[in-house]
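Residue numbers (our numbering): 2 to 361. Glycine is no exception: its CB is placed at the ideal position from the N, C-alpha and C atoms. Quick caveat, the model's predicted, so the values are computed rather than measured.
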Ligand SMILES: [Zn+2]
């Protein structure tokens, strides 16, 4: 039984929202420092020092929250995988095999050995995600400090003269920062991500991996060797060849290919939404019709969501009332585009993905 996308989303958002909130808080602080610096140019050094302290304080808080949140989320995801595996087995158990299973459960002290597997897996997966996420903290701190110095130097050097022009120059740099995220990150495949997408991708992938690991570990522990990959009408091209197919967990089955082959060739790629469930030989496999164009539609929705978020961020860093109004008008424009798109495609609107966090 695959885990619903909704539950999964709520789970990874518990971590990725920390980063989305943090980005907005950092940008808002930067904006305030720039505004103050324009009002009191003689206090520039003091303002910069204050900004630096506050940035460090926020990153310090994040450094404390992240490991706790990650551990909790990964643990929960792994347990959801276990529960799903138990439901899978329950689904097909005949009274006779139930009795067998109960007998076996009594004979094998699996609560002890499985608890060990469980703890080790959660620790490893959570540890990996914590290092990926906390590695971004210093990079962001340095990037923001450098940006602030650039803005100050540029206006002080007289490259941009006059208060209005100075403000416009600072606004341009702030806008770039809001649009591109504080800094970009490169993943293992060399693809570049903005901070919010990068942390979301890393968390989402870890949550998916934990669920699947819990599921597979549990099936394995129950000596069940076959799994089926879930199927969606809008799979990514990487997963399309694998969905709805059966694989062997150990890779030793005479008839079915190893699951690792699918994983090595794209299945469970970053942001993949596929899951696995127990497969029992002879069980019929429901066919899901891949709707041509559905994947493109999903991409389009993600694109519109990014535009809404982009203009909300622009609103948050607006130095003037006019700039603020202009950004708000753009938010409304893209929200209208989203409404039309949803009506035309009959897709589900995801308001959570249109938010940029809550600056405090
Ligand atoms: Zn996938």
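From which residue to which residue does the alpha helix (DSSP H) around residue i run?
{"i": "residue 250", "result": "Per DSSP, residue 250 belongs to no alpha helix (DSSP H) and is neither H nor E."}
{"i": "residue 286", "result": "No alpha helix (DSSP H) contains residue 286, which DSSP labels as neither H nor E."}
{"i": "residue 194", "result": "Not the alpha helix (DSSP H): residue 194 falls in the beta strand (DSSP E), residues 193-195."}
Which same chain residues, not among the five before or five after residue i, have their C-beta less than 8 Å away from its C-beta?
{"i": "residue 341", "result": "none"}
{"i": "residue 8", "result": "81"}
{"i": "residue 138", "result": "60, 63 and 64"}
{"i": "residue 289", "result": "232, 233, 234, 244 and 245"}
{"i": "residue 219", "result": "82, 83, 86, 87 and 115"}
Excluding sequence positions up to five away, which residues of its chain have a Cβ less than 7 Å from the Cβ of residue i?
{"i": "residue 346", "result": "298"}
{"i": "residue 38", "result": "45, 48 and 153"}
{"i": "residue 259", "result": "248, 249 and 252"}
{"i": "residue 12", "result": "74, 77, 78 and 208"}
With 16 as the cutoff for other CB atoms within 10 Å, does residue i come out buried or exposed?
{"i": "residue 352", "result": "exposed"}
{"i": "residue 306", "result": "buried"}
{"i": "residue 69", "result": "exposed"}
{"i": "residue 167", "result": "buried"}
{"i": "residue 110", "result": "With a pLDDT of 46 at residue 110, under the threshold of 50, the modelled position of this residue cannot be trusted, and the question is left open."}
{"i": "residue 172", "result": "buried"}
{"i": "residue 236", "result": "buried"}
{"i": "residue 205", "result": "buried"}
{"i": "residue 272", "result": "exposed"}
{"i": "residue 224", "result": "exposed"}
{"i": "residue 256", "result": "exposed"}
{"i": "residue 187", "result": "exposed"}
{"i": "residue 332", "result": "buried"}
Just to check, is the beta-carbon of residue i closer than 7 Å to a non-hydrogen atom of ligand 1?
{"i": "residue 268", "result": "yes"}
{"i": "residue 206", "result": "no"}
{"i": "residue 273", "result": "yes"}
{"i": "residue 242", "result": "no"}
{"i": "residue 236", "result": "yes"}
Per the DSSP calculation, residue i is bridged to which residue(s)?
{"i": "residue 259", "result": "249"}
{"i": "residue 185", "result": "195"}
{"i": "residue 206", "result": "According to DSSP, which records beta bridges pairwise, residue 206 is partnered with nothing at all."}
{"i": "residue 279", "result": "228"}
Where does the unbroken beta strand (DSSP E) through residue i begin, and where does it stop?
{"i": "residue 227", "result": "227-230"}
{"i": "residue 318", "result": "From DSSP, residue 318 is part of no beta strand (DSSP E); its letter is neither H nor E."}
Please list, in chain order, all residues of the same chain as residue i whose beta carbon is under 6 Å from its beta carbon, the five residues on each side excluded.
{"i": "residue 34", "result": "48 and 52"}
{"i": "residue 280", "result": "227, 228, 229 and 247"}
{"i": "residue 63", "result": "23"}
{"i": "residue 334", "result": "none"}
{"i": "residue 357", "result": "25, 310, 313 and 314"}
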